[in-house]
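Working notes, structure below.
Residue numbers (my numbering): -6 to 50.
Set out below in structure tokens:
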């Protein structure tokens, strides 16, 4: 359940479309992402936002 307003429209849309068996992965820049998988890159500078910043939002 969404408890806060998300400012990122891509993430908000993705969350609104999630089903019971769907998965979201939050990772650092080193995770290999296969072609055809949706990716939303939030990186500003190395280490920002942090994993916990994203998870807390």
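Even glycine gets a Cβ: it sits at the ideal position worked out from N, Cα and C.
In this text, all values refer to a predicted model and were calculated from it rather than measured experimentally.
| Item | Value |
| --- | --- |
| The alpha helix (DSSP H) enclosing residue 8, as first and last residue numbers | 2 to 9 |
| Beta bridge counterpart(s) of residue 41 as assigned by DSSP | 38 |
| 8 Å Cβ cutoff met for residue 76 and residue 33 | This structure gives no information on residue 76, because the portion of the chain shown stretches from -6 to 50. |
| For residue 49, the three-state DSSP class (helix, strand or coil) | helix |
| Contact belief for residue 35 with residue 25 at Cβ below 8 Å, rounded distance in angstroms | Wrong, their Cβ atoms sit about 18 Å apart, outside the cutoff. |
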